[in-house]
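Start counting the sequence shown at 1; every next residue gets the next number (the numbering used here).
Where a beta carbon is used, it is the ideal one built from N, C-alpha and C, also for glycine.
Nothing here was measured: the structure is a model prediction, and the numbers come from that model.
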Amino acid sequence: MTDELVDERAPADDGVMRLISVELPGVVDDVLAQPRIQQSCAELQLDPAELRARLLAESDALLSPTNAEISAYRDAVRELGTITPAEATVGDRRAPYEFILLLTAPAIVLGGAALLGAIYGGGLPLAGKIGLTVLVAASSVPLYFGLSIGALLNVLDSPRSGRTSSLDSRAARRTARVGAWAITAVGTFAFWSSFVRLVTAQGAVVAVVIAVLAIGLQMLSISGNRTPGKHAQWAQVRAKATVALDHWREAARQAVEPAVSRLISTLAAPSYDVRLTVRDASRLGVMASTDLAVETVATQHFQRVLAGMQAGAVGIAGPRGVGKTTLLEAHREGRLLPPGREHLLVRVDAPIGYEGRDFALHVYAVACQSVIGYKNTRRPLRKRVFRRRPRAEKEWLAHVEEAVRKLEKIRYLQTKTTGWSGKLTMSAGDVTATRSTAKARQPLTYPEIIAELREFLEETARVLAATNPSAAATPLVVAVDELDKIATAEHAHRFVNELKALFGVPWCHFVLSVSEDALISFERRGFAVRDAFDSAFDEIIRVEQLTLPESRKMLSSRLIGLSEPFVCFAHCFSGGLPRDLIRVARAMMDIAHATPAPSLNPVCLALTGTAIQQAARLAQRELRPAGHAGSVVDLVRLADGPALARQSPGELLATVEKLAAATDEPDEVAGVRLELVTFLYFALTVREVFHDGLTKDQIIRASAETWPGSFQTLGRARQAFGDNMMQAWLLVDQFRAAWNLPVVKR
1 MTDELVDERA PADDGVMRLI SVELPGVVDD VLAQPRIQQS CAELQLDPAE LRARLLAESD
61 ALLSPTNAEI SAYRDAVREL GTITPAEATV GDRRAPYEFI LLLTAPAIVL GGAALLGAIY
121 GGGLPLAGKI GLTVLVAASS VPLYFGLSIG ALLNVLDSPR SGRTSSLDSR AARRTARVGA
181 WAITAVGTFA FWSSFVRLVT AQGAVVAVVI AVLAIGLQML SISGNRTPGK HAQWAQVRAK
241 ATVALDHWRE AARQAVEPAV SRLISTLAAP SYDVRLTVRD ASRLGVMAST DLAVETVATQ
301 HFQRVLAGMQ AGAVGIAGPR GVGKTTLLEA HREGRLLPPG REHLLVRVDA PIGYEGRDFA
361 LHVYAVACQS VIGYKNTRRP LRKRVFRRRP RAEKEWLAHV EEAVRKLEKI RYLQTKTTGW
421 SGKLTMSAGD VTATRSTAKA RQPLTYPEII AELREFLEET ARVLAATNPS AAATPLVVAV
481 DELDKIATAE HAHRFVNELK ALFGVPWCHF VLSVSEDALI SFERRGFAVR DAFDSAFDEI
541 IRVEQLTLPE SRKMLSSRLI GLSEPFVCFA HCFSGGLPRD LIRVARAMMD IAHATPAPSL
601 NPVCLALTGT AIQQAARLAQ RELRPAGHAG SVVDLVRLAD GPALARQSPG ELLATVEKLA
661 AATDEPDEVA GVRLELVTFL YFALTVREVF HDGLTKDQII RASAETWPGS FQTLGRARQA
721 FGDNMMQAWL LVDQFRAAWN LPVVKR
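Rendered as structure tokens:
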């Protein structure tokens, strides 16, 4: 693999990372200079310099989310062939270079002519004179090309900064050319008499030939910096690098802005105001999947597990919507790697209807496509002319070509038929001979596919580590998402049981999102019963809903100045699901836009009322096939969404008690009743807690997870909906008892 192991947690250290480290403070300064940030700092009496120092002290946390853009910029720089900070002046003094280099041709001509004069003036035989003449003429051309054209081309291909030197202007270069011609003419005229004495007639003829050649070469050097193809190509490559750096700056800004918002919320004294006033909500519209990722306990566990093993299989388990796909996507973009580190992540979705051989071929094809599209294989402009490809680059290109061949092998069945036939007529009769040969590549068996795929993945990991100094310690990751959506548990077990033949490829991680059943099986690994999930995974990480501190962290990334009552309400009402948390925050801000500075009570009534109506509509829709029995009619009558949403806490409590009363009804109707009454019980509790009379002491006490009446308990009740309604009911009971609220008996 490699002689020296890479520290999984160590940032990359190359010219690009050094440039990025120089650029980062400027990005932080730009964000801190935004008017909304300046206003928030002024209102909260925070020092922007302290914010800057704290942010730059944790620069790794700002750089890791930009690893994808760092990798793209590194590719562009590799093609450019050099690294130049944007603020540096490279010193493109082309005019002096052209002035000196354009004098090289006349000097070579005059020197060659004088040398030829000495040759022809001597007593050498004719054959010797001819040989030396050819030698002088042949030496003049490569000497000129080597000293003049080669040096000038190197200057023209040097990287240029955004600034333009005064010695690089068109007027300066034009002046240099005219000056070179003038000096050539004056020098020739001044030394003409000496030149005539030294040069014989034969030497003069040869000198004229060399002079004509020199003039042509001189014109070539002048037009060298006007070559449209080369400079268009150079401009394109440089523009690509500039765009890549701009993309990194934008990604860094998007990473710094939420970090600034979180830091302001952390340093500012918490507000317990029941009025909804927010200083800045500009980032609330950001909804990309990876932008929802926050550093949670599960994320930290995931990073530690991957850093602790060079190969193996890791499962990510948790209820739907909790962020398993978000975690995989963040890992794909390199957000969980140290700054500047790169890896190749092959991501596939598990099939709904499972066929082992077809899925293995699909993984094989996606792996080949990922290798083909991973890195830019174009060579730097200067290196195409003067240098051979580096060994590492040639090795990667060879692997890419192998991936192309394997992809063709996967996709097509090659058939070739050759044949010949002839007819021989003889007096005794006719003899006809026909011969045909068919060669067809037979379909690979499933074990052969697995063996080839393992070999290809292992070779890919080896080449990545050998050719990329910025590669992560484990440079290859195969991620399989949506495994928890396979139709049946039996199919999921068979899928994992066959797929685990791939696990254990050196320097390759397999990361799979699995169902909670898989997690339960893994947690039973200490017992006698073992199954496919238990034996396949090295570790299964459970991704939970957000805790109250994690919800606060996510909201503070998007909202500056959101007070604690509304943070706690959003957490409880969303159950800590990231997307639902952002939806609740958006709904609250919609109310704040319609009614400036609304209090907690109308915000809570509006959001719970909308949710109550949705739950009632769902209950009525599920009761349609149940017929017109008396209990069904009573339940439909009670499931009047608008009426339920308008009820006072006392009226809603009476409705919950009526719905909770035991009745003799079919199981499907009883299930609908339980779902509706449990949600109404939860909504009633939220309304009775989150009102304008909620005090600071109550919020502080309920923010402690150990108290039975904590906001975490109410959030857990919301999380249990759709999974275990009885557990949700019991958690609401527990919360209400701790808050001295009436408990409804079932």
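**Straight-line gap, residue 742 to residue 478 (C-alpha atoms, nearest Å)** = Near 52 Å, if we compare the C-alpha coordinates of residue 478 and residue 742.
- prompt: Ends of the beta strand (DSSP E) at residue 578?
  reply: From DSSP, residue 578 is part of no beta strand (DSSP E) but of the alpha helix (DSSP H) over 578 to 594.
- request: Would you identify the three-state DSSP class for residue 510, choosing helix, strand or coil?
  value: It is a strand residue.
For residue 480, report the span of its beta strand (DSSP E) as first-last.
Per DSSP, residue 480 belongs to the beta strand (DSSP E) from 471 to 481.
Give the range of the beta strand (DSSP E) segment to which residue 349 is assigned. Looking at the DSSP string, the run of the beta strand (DSSP E) that includes residue 349 is 342 to 349.
Taking the C-alpha atoms as reference points, what is the distance between residue 176 and residue 107? When rounded, the distance between both Cα atoms is 17 Å.
Check: Pick from 738, 313, 348, 540: whose alpha carbon is nearest that of residue 708?
Finding: If we check each option's Cα against that of residue 708, 738 comes out closest.
| field | Secondary structure of residue 314, DSSP reduced to three states | value | Correct three-state label for residue 314: strand.
Please classify residue 279: does DSSP put it in a helix, a strand, or coil? Residue 279: coil per DSSP, three-state reduction.
Self-check item: Sufficient close CB pairs (3 or more, under 8 Å) joining the segment 314 to 328 to the segment 543 to 561
Solution: Yes, the segment 314 to 328 is in contact with the segment 543 to 561.
For this session: Using 10 angstroms around the beta-carbon of residue 696, count the other beta-carbons present and answer buried if the total reaches 16, otherwise exposed.
Result: Counting the other Cβ atoms within 10 Å of the Cβ of residue 696 gives fewer than 16, which makes it exposed.
Cα-Cα, which of 69, 14, 263, 237 is closest to residue 48? The alpha carbon of residue 48 has as its nearest neighbour, out of 69, 14, 263, 237, the alpha carbon of 263.
Problem set entry | Minimum C-alpha distance to residue 619 - residue among 577, 672, 668 | Nearest C-alpha to residue 619: 672.
What residue does the beta strand (DSSP E) around residue 540 start on, and which one ends it? Under the DSSP assignment, residue 540 falls in the beta strand (DSSP E) whose first and last residues are 539 to 542.
* To do: Out of 458, 341, 407, 712, point me to the one whose CA is closest to residue 362's CA.
  => When C-alpha distances from residue 362 are compared across 458, 341, 407, 712, the shortest belongs to 407.
Report task. Find out if the Cβ-Cβ distance for the pair residue 244, residue 68 is shorter than 8 Å. Result -> In this structure, the beta-carbon distance from residue 244 to residue 68 does not fall below 8 Å.
8 Å contact criterion, which residue 59 and residue 335 should meet: CB distance rounded
With 8 Å as the limit, residue 59 and residue 335 do not qualify as a contact, their Cβ atoms being about 15 Å apart.
| Nearest-angstrom Cα distance between residue 702 and residue 689? | If you draw a straight line from the Cα of residue 702 to the Cα of residue 689, it is about 11 Å long.
Q. Just how far apart, CA to CA, sit residue 553 and residue 295?
A. Cα-Cα distance, rounded: 9 Å.
Which residues does DSSP list as the beta-bridge partners of residue 560? Answer is 280, bridged to residue 560.
Taking 8 Å as the limit between beta carbons, can you name the residues of its chain near residue 249, skipping five residues before and five after? So the qualifying residues of the chain are 23, 27.
- Message: At the level of alpha carbons, what is the spacing between residue 669 and residue 346?
- Response: The alpha-carbon atoms of residue 669 and residue 346 are separated by roughly 46 Å.
(request) Would you kindly work out how many angstroms separate the C-alpha atoms of residue 445 and residue 238, rounded to a whole number? (result) Going from the Cα of residue 445 to the Cα of residue 238 covers about 48 Å.
Who does residue 599 pair with in a DSSP beta bridge? Bridge partners of residue 599: 275.
Discussion item. Going by C-alpha to C-alpha distance, which of 283, 42, 393, 66 sits closest to residue 467?
Written reply: Comparing C-alpha distances from residue 467 to each of 283, 42, 393, 66 shows the shortest one belongs to 393.
In whole angstroms, give me the CA-to-CA distance for residue 646 and residue 17.
Residue 646 and residue 17: Cα-Cα distance of roughly 59 Å.
**OP:** With DSSP collapsed to three states, give me the class of residue 181.
**Re:** When secondary structure is reduced to three states using DSSP, residue 181 falls in the helix class.
Taking contact to mean 3 or more Cβ pairs, one atom from each stretch, closer than 8 Å, check whether the segment 584 to 593 and the segment 718 to 737 are in contact. The segment 584 to 593, when compared against the segment 718 to 737, does not touch it at the 8 Å Cβ threshold.
Give the DSSP-derived three-state secondary structure of residue 707 in the structure shown. Coil.
Got a sec? Which residues, its chain only, sit under 6 Å from residue 302 by beta carbon, not counting five neighbours each side?
Excluding sequence neighbours, residue 302 sits near 541.
Residue 727 in three-state terms, based on DSSP: DSSP, read as helix, strand or coil, puts residue 727 in helix.
* To do: Closer than 7 Å by C-beta to residue 348: which residues in its own chain qualify, once you throw out the five before and the five after it? Chain order, please.
  => Shown here for residue 348: same chain residues with a beta carbon closer than 7 Å to its own, the five before and five after excluded, namely 362, 363, 366, 480 in chain order.
inquiry  = Using 8 Å for Cβ pairs, my map puts residue 507 next to residue 475. What's the rounded Cβ distance?
reply    = Right, their Cβ atoms sit about 6 Å apart.
Self-check item: Through-space distance from residue 247 to residue 111, alpha-carbon basis
Solution: About 54 Å.
Pair within 8 Å by beta-carbon distance, residue 513 and residue 325: Against a cut-off of 8 Å, the Cβ pair of residue 325 and residue 513 comes out as a contact.
Item to complete: Please report how far the alpha carbon of residue 749 lies from the alpha carbon of residue 181, in whole angstroms.
Response: Residue 749 is absent from the model: the chain starts at 1 and stops at 746.
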